[in-house]
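Asker: Have a look at the structure that comes next, please.
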Amino acid sequence: MEPVVEVRGLVNRFGQQVVHDGLDMVVQADEVFGIVGGSGSGKSVLLRTILGLQRPVAGTVRIRGADITHLSEAQLRPIKAGYGVAFQSGALYSGLTVLENVQLPMIEHLKLPPAALEGLALLKIRLVGLPEEAAAKYPAQLSGGMVKRAAVARALALDPQLLFLDEPTSGLDPVSAAAFDDLVLYLQRHLKLTIVMITHDLDSIFRTCNRVGVIVDKRMISGALDRIVDDPNPWIQAYFHGERARERLGAERGA
Amino acid sequence: MHRAYDPRVSATLTGTEAVEVRRTAEGLELELTGEWSVRALASIEAVLETIDVASVPRVRIAAEGITELDLSGAWALSAFVRRARRAGAEVDFRGPAPDQLRLVDQTLTEPPLPDDSDWQAESFAPAQPPGDRALVAIGRYVVRSSHDLVAGLAFFGRTCVTFVASLARPWRLRPISIVRHVYDTGITAMPIVALIAFLIAVILAYLSAQQLRGLGADIYVVDLVTIGVLRELGVLLTSVIVAGRSGSSFAAELGSMKLNEEVDALIATGVDPIELLVVPRVLGLAIALPLLTVIADLIGLAGGALLCRYLLDMPLTQYVNRVNESIASTTFWVGIVKAPVFALLIAFAGCYRGMQVRGSARELGHLVTVAVVQAIFLVILADALFAVLFMRMKI
C-alpha cells in the first residue's frame, strides 16, 4: 500500500548548520506516528518541510505519492485541503471566534450555504469535546486545553484523512493531556485518520502511537514502539530508559 | 395546509449524482450513490434541499451505493434524516446505517469524551437581557468611557509616580533606552519635520502676500510668517507628525509585547513595565519633540525668507530686521514651551493604548488607531487651552 507520507533523503541546512542529513520517514495509512527527538533536533523543521512551509535543500517529500517539493502553490492547494494541522500554540486566528476559526477553511475551499457552514463547524467543535458555548468565544477567552481542542477542530474542518499535531499535549496538565490522548485515539478510530504527531510526552507516546520515529544524528530511526525502545542508540536509551521513562516502561511491559 | 400523500401523481424518478429518489406506494426510497464527501457537499446539500418530505409516511434509505462517506457527508445525511423525522416520516435504512452517521448523531447528542474539567472553570457570560437597545448601548458607552477615563488617569498617575520615584535613583532611568527613543522619535523624524515646516511657511507666506499686497502692507507678511510659525504652526505640525509616527509605533510596540506575554514576563520577573517601557518612551519623546520644534521653527523662518526674497523681492537683511522687530522676547518660548506638554500627551496616548491590548491582533490594530487619533486630538485640545491661557497672560 502506498504510504501516506514518505520522506526520502531529506537534507535541511541553515547556513553552516545541518539540521537533517539524509532523513527518511514513512507513515502508513491508519497509524499514529510519533516524531520524537531532543530539543533542537529538527522536529519542527521536519514538520514545516512536510507541510511545504519550507523548501528542503535536497530530498523528496511525498504526500500520498505527490512530491510536494516540486509543486506550485496552485498544485498544492488540493493536497493541503487533504490534511489538517494543529500547531503547537493553537495558532487560532485571534480576531475570530472558535466557530469562525473552524469555518474559515471551509469558506476558503468550499461553497456552502451559511446554515451548512455553521452546522458542520458546530459538529467539529462537539466532536473534539468542546461545549457548544465555546463556539462563540474568542481564542483569548479559552483555556490552554480548549485552545488545543479548537485547533484540532479547525484542522478537521475539511474532513482530512491525515492530521498533523505539533506537541499537542505540551503545556497541558496530566489530566488534560490524558484526555487529549483519548481524543486523538477516538478520532483516529472513528474517522480512520492517519496521525503524525510531534511529541515529547512519554505518556502520550505509549498511549497513542503505533510507531515512532526518533530523530538522532540528523537522521530518523523509526519502527514499532516496542522495537524502538530497545534500540541501542544512546540517545534513545537515555530517552526511553531515563529516570522518568523507566517507571512508565515498566508498567507497559508488565501489563 | 396538509396534503394527503398520493403516490399516483408523484411516481416519477428524479435522478442525480448523489441521490436517486423514487416515490413508491409506501413513501420515498432514496438510493444514495457516489462520493458523499466534503468536496461534493455543496451539490449534495442542494439536492437534499429539493427533496420534499412533507406528508411522506415513510422514507427508506439505501446507503450501500456510497463510495466515500466522510463526516461532512454524514452530517448532511443526518440533517436530512432529522428533517424527515420532524416532518412526520418514518425513516429507516435498507441494510445497516453507515457508521459515520452514528458518530455524527452521537456527537451531536452528547459530548464524546468525559470533560477534561478545564472548561468547567470557565464561566460563560449569560445571554444579554432584552431591553431597549439604544438606551443600553448609550449606557454602556458612557460607563465604558468613564472607566476608560479613570483608567487613563490612573495610568498617567502611575507613570508620574514611577518617574518621580526613579528620580531618586537616577540609574533606574535607563539612559540608553531614553537615548534610543530620542533617536527613533527625533533624529529619524528630522527630514519629514523639516520638509513640512518649510512647506507650511511657504504656504503661509504666499497666502498672506496675496492678501496684504493689495493693501500695500507687504512687510507684514514677515510678521505673519514669523509669529505664525514660532507661536503655533511649528510646534503644532511637528506634534501632529510625531503623533502619527511615534504614537502609533509606541502603541504597536507595546501592544505586540502584551500579545506575546512579554509584559507579563517583565511583571513576573519583578520588573515594573511602566519603569522599563513607558517612562523611557515618555522622556525620550519629551526631549525629542522640543528639539524637533526648534528645527521646524528654523526651517519655517528660512522658508519665509526664501519666499519673501523671490516673491516680494525683499532683501534678506530687511527680512531679518523685520523678524527682529516683529517678535517679542516671548514669541519663541510661547511655542517651544508647548512642545514637552504635547510630547507627554502623545507618549501617554501611545503607551496607554498599547498596554491596553490583550487577546487579539484585531485589537492591536484598533488600539493603534485609537492611540493616534487621541494623540492628535489631545494635542489640538491642549493647543487651544494654551491659546486661551496665553491670551489671559497677555503674552
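These protein sequences, in sequence, are chains A and B. Counting from 1 along the first sequence, just add 2 to a position and that's the residue number in this note's numbering. Counting from 1 along the second sequence, just add 1224 to a position and that's the residue number in this note's numbering. All residues carry an ideal CB built from backbone N, CA and C; glycine is no exception. All values derive from a computational prediction rather than experimental measurement.
(1) In terms of residue numbering, what span does the alpha helix (DSSP H) encompassing Gly1479 of chain B cover?
(2) Assign Pro1350 of chain B to buried or exposed, taking buried as 16 or more other Cβ atoms, counted over all protein chains shown, within 10 Å of its Cβ.
(3) Looking only at its own chain, which residues have a Cβ that is under 6 Å from the Cβ of Asp69 of chain A, when we skip the five neighbours before and after it?
(4) Of the residues A:Leu227, A:Arg229, A:Asp232 and A:Lys220, which one's Cα is nearest the Cα of Gln19 of chain A?
(5) Interface residues of chain B around Leu193 of chain A at Cβ under 7 Å?
(6) Cutting at 6 Å between CB atoms, please list the residues of its own chain near Ala1567 of chain B, excluding the five before and the five after it.
(7) Roughly how many angstroms lie between the CA atoms of Leu1252 of chain B and Ala31 of chain A, to the nearest whole one?
(8) Quick check: is the beta carbon of Arg161 of chain A nearer than 9 Å to any beta carbon in chain B?
(9) Listed in chain order, which residues of the stretch 1572-1605 of chain B have Cβ atoms closer than 7 Å to some Cβ of chain A?
(10) Secondary structure at Ala1349 of chain B, three-state DSSP: helix, strand or coil?
(11) Does any residue of chain B have a CB that is nearer than 9 Å to the CB of Met3 of chain A?
(12) Just to check my reading of the structure: Leu167 of chain A and Gly146 of chain A have Cβ atoms closer than 8 Å, yes? What is that Cβ distance to the nearest angstrom?
(13) Within 10 angstroms of the Cβ of Pro1415 of chain B, are there 16 or more other Cβ atoms? Answer buried if so, exposed if not.
(14) With a CB to CB cut of under 8 Å and the five nearest residues on each side skipped, what residues in its chain are close to Met108 of chain A?
(15) Assess, as a yes-or-no matter, whether the stretch 1413-1431 of chain B is touched by the stretch 1457-1477 of chain B under the definition of 3 or more beta carbon pairs within less than 8 Å.
(16) How should Pro1320 of chain B be labelled, buried or exposed, when 16 other C-beta atoms within 10 angstroms of its C-beta is the threshold for buried?
(17) Report the start-end ranges of each beta strand (DSSP E) in the stretch 1378-1414 of chain B that is 3 residues or longer and not cut off at the edges.
(18) Ala118 of chain A touches chain B at which residues, Cβ-Cβ below 9 Å?
(19) Let's test the definition: count the other Cβ atoms within 10 Å of the Cβ of Glu1255 of chain B and tell me whether it reaches 16, buried, or not, exposed.
(20) Can you tell me whether DSSP reads Asp1356 of chain B as helix, strand or coil?
(21) According to DSSP, simplified to helix, strand and coil, what is Asn235 of chain A?
(22) How many angstroms separate the CA atom of Asp1339 of chain B from the CA atom of Thr1409 of chain B?
(23) By the DSSP assignment, the beta strand (DSSP E) with Ala138 of chain A in it spans what residues?
(24) Pull up the CB-CB distance for Val34 of chain A and Ile217 of chain A, whole angstroms please, since I reckon it's below 8 Å.
(25) Tell me whether His1226 of chain B is buried or exposed, calling it buried when 16 or more other Cβ atoms sit within 10 Å of its Cβ.
(26) Strictly below 7 Å CB to CB, what residues from chain A border Val1277 of chain B?
(27) Starting from the Cα of Val1518 of chain B, find the closest Cα among B:Ser1480, B:Arg1455 and B:Asn1548 and give me that residue.
(28) With Arg1318 of chain B and Arg1284 of chain B assumed to form a contact (beta carbons below 8 Å), what rounded beta-carbon distance in angstroms separates them?
(29) Is there a Cβ of chain B sitting closer than 9 Å to that of Ala83 of chain A, yes or no?
(30) Report the residue from A:Gln163, A:Ile230, A:Leu189 and A:Val149 whose alpha carbon sits nearest the alpha carbon of Leu1327 of chain B.
(31) Let me know the alpha helix (DSSP H) ranges lying completely inside the stretch 1532-1601 of chain B, each 4 residues or longer, listed in chain order.
(32) List the residues of chain B that Pro58 of chain A touches, going by C-beta distances under 8 Å, in chain order.
(33) What residues in the stretch 139-155 of chain A have a beta carbon less than 9 Å from any beta carbon of chain B?
(34) Is there at least one non-hydrogen atom of the ligand ADP closer than 8 Å to the beta-carbon of Ile1275 of chain B?
(35) Less than 9 Å separating the beta-carbons of Ala1429 of chain B and Leu1531 of chain B?
(36) So that I know if they touch, is there some Cβ in chain A lying closer than 9 Å to that of Leu1478 of chain B?
Answerer: Based on what the coordinates show:
(1) Per DSSP, Gly1479 of chain B belongs to the alpha helix (DSSP H) from Ser1472 to Leu1483.
(2) Because the pLDDT of Pro1350 of chain B is 49, which lies under 50, any placement of that residue in the model is unreliable, and the number read from its coordinates should be weighed accordingly. Pro1350 of chain B comes out exposed.
(3) Thr62
(4) A:Lys220
(5) The answer, in chain order, is Leu1295.
(6) Correct list, in chain order: Leu1509, Ala1510 and Leu1513.
(7) Cα-Cα distance, rounded: 38 Å.
(8) Inspection of the sequence shows that residue 161 of chain A is occupied by Asp rather than by Arg. Yes - at least one Cβ of chain B is within 9 Å of the one on Asp161 of chain A.
(9) Arg1582, Gly1583, Ser1584, Ala1585 and Arg1586
(10) Confidence in Ala1349 of chain B is poor, its pLDDT being 49 and thus under 50, which makes the residue's placement unreliable; the coordinate value appears in the next sentence. Ala1349 of chain B: coil per DSSP, three-state reduction.
(11) no
(12) Their Cβ separation, rounded to whole angstroms, is 15 Å, which puts Leu167 of chain A and Gly146 of chain A out of contact at 8 Å.
(13) exposed
(14) Leu114, Leu119, Leu122, Ala123, Ala159 and Leu160
(15) yes
(16) With fewer than 16 other Cβ atoms within 10 Å, it is exposed.
(17) none
(18) Leu1265, Ala1266, Glu1269, Ser1296, Trp1299, Ala1300 and Ala1303
(19) buried
(20) In the displayed model, Asp1356 of chain B falls within coil according to three-state DSSP, outside both helix and strand.
(21) coil
(22) Below a pLDDT of 50, predicted positions are generally treated as unreliable, and Asp1339 of chain B, at 47, falls in that range; the measurement from the model is reported next regardless. Looking at the two C-alpha atoms, the distance is approximately 52 Å.
(23) Annotation: Ala138 of chain A is outside any beta strand (DSSP E) and is labelled neither H nor E by DSSP.
(24) The Cβ separation is near 17 Å, so there is no contact.
(25) Because the pLDDT at His1226 of chain B is just 45, under 50, the model does not fix this residue reliably, and the value given afterwards should be weighed accordingly. Answer is exposed; the Cβ neighbour count stays below 16.
(26) Result: empty, since nearest Cβ-Cβ is about 17 Å, beyond 7 Å.
(27) B:Arg1455
(28) Right, their Cβ atoms sit about 6 Å apart.
(29) yes
(30) Per the Cα distances, A:Leu189.
(31) Segments of the alpha helix (DSSP H) lying fully in the stretch 1532-1601 of chain B: 1540-1550, 1555-1560 and 1562-1580.
(32) In chain order: nothing, as chain B lies at least about 29 Å away.
(33) Lys139, Tyr140, Pro141, Ala142, Gln143, Leu144, Ser145, Gly146, Gly147, Met148 and Arg151
(34) This structure simply doesn't include the ligand ADP, nor any ligand for that matter.
(35) yes
(36) For Leu1478 of chain B, the answer is no, since every Cβ of chain A falls outside 9 Å of its Cβ.
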